[in-house]
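For the sequence shown, counting from 1, position 179 maps to 260 in our numbering; every step adds exactly one. From the three backbone atoms N, C-alpha and C, an ideal C-beta is built for every residue, glycine too. Notes follow once the structure below has been shown.
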Amino acid sequence: MVLEAVYEQDFLPCSYGFRPGRSAHQALRQLSSVMVHGQRWVLDVDVRKYFDSIPHVHLREILDQRVTDGVVRRMIDKWLNAGVLEAGNLHLATEGTPQGGVISPALSNIFLHHVLDKWFEDVVRPRVRGKATLVRFADDFVMTFETYHDAKRVMDVLGKRLGRFGLALHPGKTHFIDFRPQRHGGTPPDCQAQSFDFLGFTLSWVKSRKGKDVVRQTTAKSRFARSLAAVKAWCRANRHRPVPEQRAWLSAALNGHYAYYGVTGNIRRLQEYRYHVERIWHKWLARRTRGRSLTWARFHALLQRHPLPLARIIHRYTRWNESLA
């Protein structure tokens with residue numbers, strides 16, 4: 082709470098993660114908007130083991146600039162120096178923030194604010210020819226550019242910038258993407274012409290009902306599969322519970338899924354998710370029956386008595402995005 086009061090006035094608008102009044106959907110909305118308006122050269126960046134590799138030396142130097150209260154600094158040092166107990170052996174860390182610690186999101190935002198956000202705002206944007214935008218949610222961030230040459234120049238120096246502070250780009254997960262809907266003249270050899278994932282969504286181009294190019298956000302395949310795997314594991318372990326209890330848990334899981342992934346243009350993926358949840362539930366209910374088998378007719382009758390919530394859109398984006406085909 083103390084760090085938030087100190088740094089919230091310093092943080093830049095490009096940062097959306099773990100800040101009051103800001104959310105992942107605002108970051109996604111901002112990203113879609115700038116790409117529709119011409120910033121279609123994308124740096125999809127992944128920092129290798131970010132939370133495990135923040136050097137304590139650099140982090141303390143950054144904190145020295147704004148946090149001078151001895152009580153607060155000693156408390157932060159206790160978190161950083163706590164170490165990890167593995168097989169009865171205590172390992173003290175000289176880098177990284179404590180996994181699951183309440184202080185980790187604040188420290189990660191403070192570190193990347195100085196290492197990335199201010200550098201992009203004060204150094205990169207004044208030197209590029211076209212428009213450029215940084216959208217960051219904690220350690221997950223994307224840079225968009227109006228021209229290929231601006232994106233290429235930043236890509237060439239980004240690894241060096243992060244390396245100065247003990248961070249490294251993940252070579253297999255950092256991509257230079259040509260995200261133009263029509264690629265006249267082809268794609269440069271150092272780019273990839275593809276959609277990309279950000280904050281659990283896959284961003285791709287589609288045509289609106291009015292024939293305009295708009296960005297559609299659909300549930301990423303990895304998140305879709307991971308969420309269904311969690312439902313399957315729960316149904317398998319709890320198939321002995323009464324049907325009303327199972328229905329209550331599944332309804333909460335579906336509503337939670339809709340609350341995050343229920344964005345304009347994603348209704349088909351939400352319906353597909355509900356369809357698979359129903360099939361998983363039927364499979365594990367059928368495993369516990371004795372005597373009469375749980376046919377699909379009987380299962381549909383059960384759904385009439387214990388219905389699951391229908392797929393629905395929660396977050397309606399801008400008007401040009403509401404007209405998705």
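Which same chain residues, not among the five before or five after residue 404, have their C-beta less than 7 Å away from its C-beta?
On the sequence shown, position 323 is the one that residue 404 refers to. Residue placement at residue 404 is poorly supported in this model, since its pLDDT is 41, which falls under 50; the coordinates still yield a value, given next. Setting aside the 5 residues that flank it on each side, residue 404 is surrounded in the same chain by 289, 290, 291, each with a C-beta closer than 7 Å to its C-beta; the list follows chain order.
Count the other C-beta atoms from every protein chain shown that fall within 10 angstroms of the C-beta of residue 402, then say buried if there are 16 or more, exposed otherwise.
In the sequence shown, residue 402 corresponds to position 321, counting from 1. Because the pLDDT at residue 402 is just 45, under 50, the model does not fix this residue reliably, and the point stays unresolved.
The region 305-324 contacting the region 148-156, beta-carbon criterion three pairs below 8 Å:
no
Please state whether DSSP places residue 82 in a helix, a strand or coil.
Residue 82 sits at position 1 when you count from the first residue of the sequence shown. Correct three-state label for residue 82: coil.
Do residue 280 and residue 221 have their CB atoms nearer than 8 Å?
Reading the sequence shown from its first residue, position 199 is the one you call residue 280. Reading the sequence shown from its first residue, position 140 is the one you call residue 221. Yes, the Cβ-Cβ distance between residue 280 and residue 221 is below 8 Å.
Span separating the alpha-carbon of residue 365 from that of residue 197
In the sequence shown, residue 365 corresponds to position 284, counting from 1. In the sequence shown, residue 197 corresponds to position 116, counting from 1. C-alpha separation (whole angstroms): 48 Å.
Identified DSSP bridge partners for residue 277:
In the sequence shown, the residue the question calls residue 277 occupies position 196. Partner(s): 284.
Close beta carbons around residue 229, own chain, < 6 Å, minus the five adjacent residues each side:
Position 148 of the sequence shown, counted from the start, is the residue given in the question as residue 229. Once the five neighbours on either side are set aside, the close Cβ partners of residue 229 are 122.
Helix, strand or coil for residue 258, going by three-state DSSP, please let me know.
For the purposes of this step, residue 258 is taken as residue 177 along the sequence shown, with counting starting at 1. If DSSP states are grouped into helix, strand and coil, residue 258 belongs with the strands.
Return the residue from the list 84, 346, 297, 354 that minimises the CA-CA distance to residue 148.
By one-based count along the sequence shown, residue 148 stands at place 67. It is 84.
Through-space distance from residue 262 to residue 269, alpha-carbon basis:
For this step, residue 269 is matched to residue 188 along the sequence shown. For this step, residue 262 is matched to residue 181 along the sequence shown. So the alpha carbons of these two residues sit roughly 15 Å apart.
Identify which residue in 200, 267, 233, 95 has its Cα closest to the Cα of residue 30.
What the structure shows of the chain is the stretch from 82 to 406, and residue 30 is not part of that stretch, so it cannot be assessed.
Can you tell me where the alpha helix (DSSP H) with residue 107 in it begins and where it stops?
Sequence index remark: in the sequence shown, residue 107 carries index 26 (1-based). Unbroken alpha helix (DSSP H) run through residue 107: 105-117.
How many whole angstroms separate the CB atoms of residue 278 and residue 194, which I take to be in contact at a CB cut-off of 8 Å?
Start at 1 with the first residue of the sequence shown, and residue 278 comes out as number 197. Start at 1 with the first residue of the sequence shown, and residue 194 comes out as number 113. That pair is no contact at about 24 Å.
Could you compute how far the alpha carbon of residue 296 sits from the alpha carbon of residue 384?
For the purposes of this step, residue 296 is taken as residue 215 along the sequence shown, with counting starting at 1. For the purposes of this step, residue 384 is taken as residue 303 along the sequence shown, with counting starting at 1. Taking the straight line joining both Cα atoms gives about 36 Å.
Exposure label - residue 381; buried when at least 16 CB within 10 Å:
As a position in the sequence shown, residue 381 is number 300, starting the count at 1. By the neighbour-count rule (16 or more Cβ atoms within 10 Å), residue 381 is not buried but exposed.
Between the Cα of residue 119 and those of 199, 354, 211, spot the shortest distance and give me the residue it belongs to.
In the sequence shown, the residue the question calls residue 119 occupies position 38. Residue 211 is the option with its Cα nearest to residue 119.
By a C-beta neighbour count over all protein chains shown, 10 Å radius and 16 as the cutoff for buried, is residue 82 buried or exposed?
Taking the first residue of the sequence shown as 1, we reach residue 82 at position 1. It is exposed - the Cβ of residue 82 has fewer than 16 other Cβ atoms within 10 Å.
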